[in-house]
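Everything on this sheet refers to the single structure shown next.
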Amino acid sequence: MAAKVKATRFFASLRMIRVCFLAVTALAVVLLGGSAQAAWIWTPEAGRWFNPERQPKETAALQFQYAEELLAKGETEKAVDEYRKVLRYFPESNYCDLAQYSIGRALEAEGEYEDAVKEYQKVINEYPNTQLFSHVLEKQRKIGDHFFDLGVEREEKFILWRGSNFDKAIETYRQVIDNQPFTGFSAEAQYRIGMCYMKLELYDEASAEFQKVIDYYPASKWIAESAYGTAECKLAQTLPDVYDKTAVDEAIQKYRFFLKAYPESEHAEEARKKLGELRETAAEHEFRIGMYYHYNMKYDSARLYFDSIIGEYPETQCATKCRETLNKMP
């Protein structure tokens, strides 16, 4: 008798579970709508719900094509999910590097540049034999350029936090160099790192980065620009009110080197002008010292300075003043 009662209760419990299950299913259909009922299928064998729309296509090629179609329609987030299915379900296929590259493309199209750089980098890190290597470098370089241009734009508009864009550009350019040193991509990236530091007014760092182009990429088309950059950095360090003879002399040497090495550069005329101004500044400083001795009637010391200026800076206006002053001295 007791066994019969237990059996009755057991089957009653099963009926109750079935009723609850059907009730939950009906509620889900009402809440989620007819499309959800079509998307999700109950599989008794597996004992779980199954959504065929979330399953991959039959082949890697079809899966990749489907992701491309979504990206073309502007459904970027869905496209990224479908590209990732190529990596997850077809890890040995020839489409993996292309799918990984396309994830970067999708994120870049959405303006998620930092994430795009990371996804592009995975192509090189995880598929070292990929034929997309140069495409990745080009993409990363262009994103670095985007950060640089954004920093310049904010600088021109006096927007705060522009420096962070230059920092992002530096990080991206360094990634390009690390990926493939001693190439045309790397030479340009190295030059642009120097430009970023110049924009940040970190002139010692900028000069050091420009010098790397000169040292490591002697055949690069960016070498003349970098030589000019080193001179510009030294010039920027001479601008404070306190005269720094060492800084002025170094700037003069840099401009002289540039003009001797690259006389046909588009910067040559400007370099000659700045070199002339620097030499005039140096001569003016020495002339003031000479005049100090002159006013205090220490004529021998004054003559030493005036003669030195005439010999060292003969083309300057100060040299002309020195000659006139010497002619009038007792």
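Residue 608 in the working numbering is what sits at position 243 of the sequence shown, and the numbering runs on without skipping anything.
By construction, the Cβ of each residue, glycine as well, lies at the ideal position given by its N, Cα and C atoms.
| Item | Value |
| --- | --- |
| K638 versus N530: straight-line alpha-carbon distance, rounded | 32 Å |
| Proximity to L472 [Cα-Cα], best of F455, F498, K443, E642 | K443 |
| Residues near I542 in its chain [Cβ-Cβ closer than 7 Å; skip 5 each side] | S551, A554, Q555 |
| Closer than 9 Å to chain D by CB, R644 | The structure shown contains no chain D; it holds only a single protein chain. |
| Among C598, S591, R557, nearest to A626 - alpha-carbon criterion | S591 |
| Host alpha helix (DSSP H) of G469 (start-end) | 461-474 |
| Sub-9 Å separation of L640 and F671 beta-carbons | no |
| Closest residue to S467 among L497, S666, V578, T603 (Cα-Cα distance) | L497 |
| Rounded C-alpha distance that separates C687 from D665 | 14 Å |
| Nearest candidate by alpha-carbon position, reference T537, set E518, I558, F547, E520 | I558 |
| For Q496, the three-state DSSP class (helix, strand or coil) | coil |
| Whether T595 touches I617 by CB criterion (9 Å) | no |
| Three-state secondary structure (DSSP) of Q576 | helix |
| Reduced DSSP secondary structure (H/G/I, E/B, other) of G439 | coil |
| Neighbourhood of K577 by C-beta, 6 Å cutoff - its chain only, sequence neighbours within 5 removed | Q555 |
| CB contact flag (T495, D462, <9 Å) | yes |
| Neighbour-count burial assignment, A464, 16 or more Cβ in a 10 Å radius | buried |
| Delimiting residues of the alpha helix (DSSP H) encompassing V607 | Note, V607: premise wrong, no alpha helix (DSSP H); not H, not E. |
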